[in-house]
Ligand SMILES: Cc1cc2nc3c(=O)[nH]c(=O)nc-3n(C[C@H](O)[C@H](O)[C@H](O)COP(=O)(O)OP(=O)(O)OC[C@H]3O[C@@H](n4cnc5c(N)ncnc54)[C@H](O)[C@@H]3O)c2cc1C
């Protein structure tokens, strides 16, 4: 089933995305306008992205001491993406946007991620500009965000430091007021920043004529002291090249220096950098220190940054998903064409008969169906979350709050589940190819390498697990979890009367949901975080599998008609309920028992 057919099914048949057109913001849209966007993105992805996926893997970004050199294909892909208008797709008409629902924007961007996940990192620019639209002052919106939406400048997010990754409260980058009149600058209160930022994606390049860094730093007092913990963190917009309040380049280079590039396992099309802020390599107005303008209030930096991080987390989940599906399509194609072996019958094998194609072997079918179940299930989850984002932005008061709470609970799953299971899908895609899959003659090993990043960035797997069990399922008296349970129960109610597989799946899902609820209480029954969170990742795995089982029951309900695609989806649902959902018991058992096998083992015994 080609990706476009799956996307159309999910958007129109399942999510009924056309109904959004009844809302004022989307009133000018129709299925035709949505299709036009999908067609354009599918075409650009096919022409400008897919043919160069291997090129950007082999021709890693280079730093010649002055600038970063990227393959021409990356420049062409960026130009085509910017010209498509996708950078401002969700924005208002009056600033050049399309007022496109986020659900359709996400689906359209999926084609690029499937074709070449690393050739473009436009998600960062859009997320950066969206953050400024939410928390920046009017001049910051006009000068920085609008230029990013127009594709003239690109954006980054600079959180991590060499010594502070998961623990952002330990960042050491400092900001000090930039002399007299620092608080009167129209671009925002002006500071000088000094510090090192590690792992910064798209931190330097020549794709655009300026780069807008969003940087977390701590404001130092007169004695150079900062407030410990996240309360001390503020957010600054730091352009690579300085600009005036009209958004024109002043000709001055800001004191942001590229210290070096990171050479990665995968995702090599996107340059990754260590940036030094304010070390004095490019002194500004005679002094070292990168000029940065405060965004929002002092001490609110991480809260503002979360605006970008939540979008980024859904984006990471989508990227992982599309890599999973890219591997599925490649291995499906290979399995249909590779002759190998003969069927085993009661009379043994007939060596004189022609060989079968490997897609006829049950084990290969198992590996293909697993990939389909992981990839298409994950795509459904990402688009479901995207639909919640639209609800949060344009729904009624009650539905806005419900969408917000559901997103709180589902975001760690949307980020982490595809990162783990679509990576597993990529491993199965290699397995389907046998030895050939382990070579660079086929694309699947690159998909695996590219996907391996997703469990690490935007909050590691471990951090997401703790966020889910330590915060999200508890917040606001467990309201998010209760709302999710209501939605899952509504699907169960729909499926039960249909009998057969539907009723069996519905009962299995009901049991899984009860187990997750019971386990949440048991994990916290001693009120001791060290015990409750010792097995946060197995909890997240079980929670994620339960959510995905729900997705598959939903998709099966929407696939009751005849036809190959519907049969395939019902089979993937059956696969998920028979082969995957039963795994949750093992994961939940250790959480329920607050099993301390790992947590208590003394270091010397490893
Ligand atoms: C290719 C790439 C691109 C990136 N892009 C960006 C970017 O654009 N901007 C940016 O700011 N950052 C970026 N990052 C950084 C990324 O977000 C961090 O790598 C990530 O947050 C983890 O931090 P760390 O690498 O320091 O690992 P650490 O935080 O040292 O973690 C190492 C291990 O310890 C575990 N761990 C850490 N703390 C705990 C805890 N309290 N409890 C349990 N387990 C724990 C982690 O889960 C992990 O398994 C990128 C990273 C990579 C690799």
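Residue numbers (the working numbering): 18 to 623.
Backbone N, C-alpha and C define an ideal beta-carbon position, used for all residues, glycine too.
Practice task
Using the DSSP secondary-structure output, state which residues sit across from residue 356 in a beta bridge.
Solution key: 374
Practice task
Could you spell out where the beta strand (DSSP E) holding residue 216 opens and where it closes?
Solution key: 207 to 218
Handout entry: Contiguous alpha helix (DSSP H) assignments of at least 4 residues, all confined to the segment 113 to 137
Key = 119 to 132
Exercise for the section: Label residue 141 either buried or exposed according to how many other C-beta atoms from any shown protein chain fall within 10 Å of its C-beta, with 16 as the threshold for buried. Expected result: Classification for residue 141: buried.
Handout entry: the segment 210 to 219 in contact with the segment 181 to 197 per 3-pair CB rule at 8 angstroms
Key = Counting C-beta pairs closer than 8 angstroms gives three or more between the segment 210 to 219 and the segment 181 to 197, which meets the contact rule.
Handout entry: Any non-hydrogen atom of ligand 1 within 7 angstroms of residue 183 CB
Key = yes
Exercise for the section: Please confirm whether any heavy atom of ligand 1 lies closer than 7 angstroms to the CB of residue 7. Expected result: Since the first residue shown for the chain is 18 and the last is 623, residue 7 is missing from the structure and cannot be characterised.
Exercise for the section: Run the proximity test for residue 615: is its beta-carbon closer than 7 angstroms to any non-hydrogen atom belonging to ligand 1? Expected result: Remark: the C-beta of residue 615 is outside contact range of ligand 1, defined as less than 7 angstroms to any heavy atom.
Practice task
Following the continuous beta strand (DSSP E) through residue 270, name the residue where it begins and the one where it ends.
Solution key: 266 to 270
Exercise for the section: Confirm the yes/no value for this check: CB of residue 325, any heavy atom of ligand 1, distance under 7 angstroms. Expected result: Ligand 1 never approaches residue 325 closely enough for any of its heavy atoms to be under 7 angstroms from the residue's Cβ.
Problem - Distance cut-off 7 angstroms: residue 289 Cβ against heavy atoms of ligand 1 - result: yes
Handout entry: Helix, strand or coil at residue 454 [DSSP, three-state]
Key = helix
Handout entry: residue 475 Cβ short of 7 angstroms to ligand 1 heavy atom set
Key = It does: the Cβ of residue 475 is within 7 angstroms (strictly closer) of some heavy atom of ligand 1.
Practice task
Flag residue 479 as yes when its Cβ comes closer than 7 angstroms to any non-hydrogen atom of ligand 1, and as no otherwise.
Solution key: yes
Handout entry: residue 174, buried or exposed, once every other Cβ within 10 Å from all chains shown has been counted against 16
Key = buried
Handout entry: Spatially closest choice to residue 595 from 619, 443, 609 and 570, by CA coordinates
Key = 570
Practice task
Output the distance between the C-alpha atoms of residue 253 and residue 281, rounded to the nearest integer angstrom.
Solution key: The straight-line gap from Cα to Cα measures roughly 28 angstroms.
Problem - Three-pair Cβ contact test at 8 angstroms for the segment 405 to 414 versus the segment 348 to 362 - result: no
Problem - Boundaries of the beta strand (DSSP E) in which residue 289 is found, first to last residue - result: 289 to 294
Handout entry: Residue environment, residue 113, which counts as buried when at least 16 other CB atoms sit within 10 Å
Key = Under this definition residue 113 is an exposed residue.
Handout entry: Exposure label - residue 56; buried when at least 16 CB within 10 Å
Key = Looking at its Cβ environment, which holds fewer than 16 other Cβ atoms inside 10 Å, residue 56 is exposed.
Exercise for the section: Output yes or no for whether 8 angstroms exceeds the beta carbon distance between residue 568 and residue 398. Expected result: yes
Practice task
Report whether the distance from the Cβ of residue 91 to the nearest heavy atom of ligand 1 is below 7 angstroms.
Solution key: For ligand 1, not one heavy atom lies less than 7 angstroms from the Cβ of residue 91.
Handout entry: Close beta carbons around residue 22, own chain, < 8 angstroms, minus the five adjacent residues each side
Key = Residues of the same chain with a CB within less than 8 angstroms of the CB of residue 22, apart from the 5 flanking positions on each side, are 582 in chain order.
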